[in-house]
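**Student:**
Numbering (this note's numbering), first residue to last: 17 to 117.
#1: Any idea if residue 85 is buried or exposed, counting beta-carbon neighbours within 10 angstroms, 16 or more meaning buried?
#2: Do you know whose CA, among 50, 51, 38, 60, lies nearest residue 44's CA?
#3: Whole angstroms are fine: how far does the CA of residue 46 sit from the CA of residue 92?
#4: Run through the region 35–109 for me and flag every whole beta strand (DSSP E) of 3 or more residues, listed as ranges in chain order.
#5: In angstroms, rounded to a whole number, what distance separates the CA positions of residue 51 and residue 58?
#6: Just list the residues that DSSP pairs residue 111 with in beta bridges.
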């Protein structure tokens, strides 16, 4: 990587050493590149984030199903002020009459 960009005292391979900037490398994103941005906000990783979220949700739902709960995933909801959202999991234990969401 020598010669690609000037680097000061930054660790070799760090974003600042490579490109002399800390801005996100995804075109159109001018945010400071941080782990939080990459894992939770930047559009570049949106599909990966959604897939990771869905795998985790399904794993939890399957554990509840295996324990005898009635489970519903991705339930569309409309609030009293007409805003729309989705609930990831609604679980009902019909024997104990308990619910979890």
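Built from N, CA and C at the ideal position, the CB exists for glycine as well.
**Tutor:** With the structure as the only source:
#1: buried
#2: 60
#3: 33 Å
#4: 86–94, 100–109
#5: 10 Å
#6: According to DSSP, residue 111 bridges with nothing at all.
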